[in-house]
Amino acid sequence: MKRELNSTQLENRNASIQHIFKLKPVLKDYIWGGERLKCEWGKEGEADRIAESWELSAFPQNESCVDNGAYKGYTISALGEKIPNIFGEKVRDLSCFPLLIKIIDACGDLSIQVHPDDDFALKIENQLGKSESWYIASASLGASIYLGFNREVTKDELRSAIENNNLCTLLNRIEVCEGDFFFVPAGTVHALLAGVTVVEIQESSSLTYRIYDYGRIDKNGNSRELHIEKALQVIDTKKLDVSQKTHEYIYENQNRLRKLASTRFFTVNEILVYGSYQIGKKDTFVTLTVVSGVGCIDNESIKKGDTILISADYFATVKGDGLLFIETNF
């Protein structure tokens, strides 16, 4: 005789087999943000502008939440407590969740800044440092970034350049276009400049040492804090080779792949799907962030601006016709 399940049992059974988690981001409004994340990426916020959408975040007081299925409303940390193996063996012994994924709309120039490495940050700030990467999702004609020094400099020379407002003359200014990718190690002076939209994959850290902010003031008439003394302790003053690395395309059936980064912090790939693509890892969670197009992952529909978390040891099928997304894993 077939036994009927009550509503609680059905919910528990469905929860136990959920592997695909659509995420609701945390939205940030900074003075350089714009309207693209609302108008082009489907982000919904009360502020007129959105500077950053924290797509995957377990950072305290700034956690993204599950937005589908039986775990809807769960934060990333609560999800890990409820499903202990969801993030995989590689994450199990870490002191904190390792990744933070953002979509950034630079309507104005971001401050020139630097991030400390893990050793300095843990000793001085009691949190991780930050190495990060930028996938240029869109770029206005002539849009640029600052990345590293165009020649080796001394700390004294650097301090003088900051005090005399000519720091920019020491930096590589690189014109960018859609599809470019940059890895930004801790210690590298950098800035996103107006006209770029970026998918940023980084260590889970909020540490930013601001060096120069163009003399701007915020909506309350205050200058934003600079962190020059700490920055000078962590900056890599060597010349940075900014020749673009070629990321070769790999074709699997009708799908196109580019392997963009494989570091000790994260792995990043670009996937263009025409048909179907299997995504997943045995020892770690995987995420995908949709850059353009529409499609589905298993039975969950996806579109531009969606970020999906896929549990460790689960392999999902992505289907689309010109669906472009960024695949990330730890």
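Counting from 75, one number per residue, gives the positions in the sequence shown under this note's numbering. Note that the Cβ used here is the ideal one computed from N, Cα and C, for glycine as well.
Relative to the alpha-carbon of E259, which residue among I309, L241, L232 has its alpha-carbon at the smallest distance?
Sequence check: residue 259 is Pro here, not Glu. Here the closest residue by C-alpha is I309.
Which runs of the alpha helix (DSSP H) spanning at least 4 residues fall entirely within the region 228 to 256, listed in chain order?
229 to 237
Only counting runs of 3 or more residues, tell me where the beta strand (DSSP E) segments fall wholly within the region 338 to 384, in order along the chain.
341 to 353, 360 to 366, 368 to 371, 374 to 377, 381 to 384
Run through DSSP, which three-state label would S81 get?
Bear in mind that a pLDDT of 43 at S81, under 50, signals an unreliable position, so the number given afterwards is only what the model happens to contain. S81: helix per DSSP, three-state reduction.
According to DSSP, is L111 part of a helix, a strand, or is it coil?
helix
Quick one: complete beta strand (DSSP E) runs, 3+ long, within the region 184 to 233?
186 to 188, 206 to 213, 218 to 223
Name the DSSP beta bridge partners of E277, please?
In DSSP, E277 forms a bridge with L173.
Could you check the C-alpha separation between V263 and L281 for me, to the nearest Å?
Rounded to whole angstroms, the gap between the alpha carbons of V263 and L281 is 13 Å.
Check for me: the beta strand (DSSP E) holding G394 runs from which residue to which?
390 to 403
Straight-line Cα distance separating E155 from I400:
The alpha-carbon atoms of I400 and E155 are separated by roughly 27 Å.
Determine whether the beta carbon atoms of E206 and E274 lie at a separation below 7 Å.
yes
Proximity winner among Y286, A335, S317, relative to I302 (alpha-carbon distances):
Y286
How many angstroms separate the CA atom of I157 from the CA atom of T402?
20 Å
Which of helix, strand or coil DSSP assigns to R330:
strand
When you compare the CB positions of Y323 and A265, do they come within less than 7 Å of one another, or not?
no
Hey, L383 and T358: beta-carbon distance below 7 Å or not?
no
Anticipated Cβ contact below 8 Å, T341 with T363, distance rounded
Wrong, their Cβ atoms sit about 14 Å apart, outside the cutoff.
Is it a yes or a no for the region 122 to 136 touching the region 169 to 177, going by three-plus beta-carbon pairs under 8 Å?
yes
A265 - DSSP class collapsed to helix/strand/coil
Looking at A265 - three-state DSSP - the assignment turns out to be strand.
From this set, Y351, V316, K313, which residue's C-alpha is nearest L331's C-alpha?
Of Y351, V316, K313, the residue nearest in Cα terms is Y351.
What does a CB cutoff of less than 7 Å around G354 pick up in its chain, not counting 5 residues either side in sequence?
V360, I384, Y388, F389, A390
Relative to the C-alpha of C251, which candidate in T243, S234, D183, G269 has its C-alpha closest?
G269
Can you tell me where the alpha helix (DSSP H) with I150 in it begins and where it stops?
150 to 156
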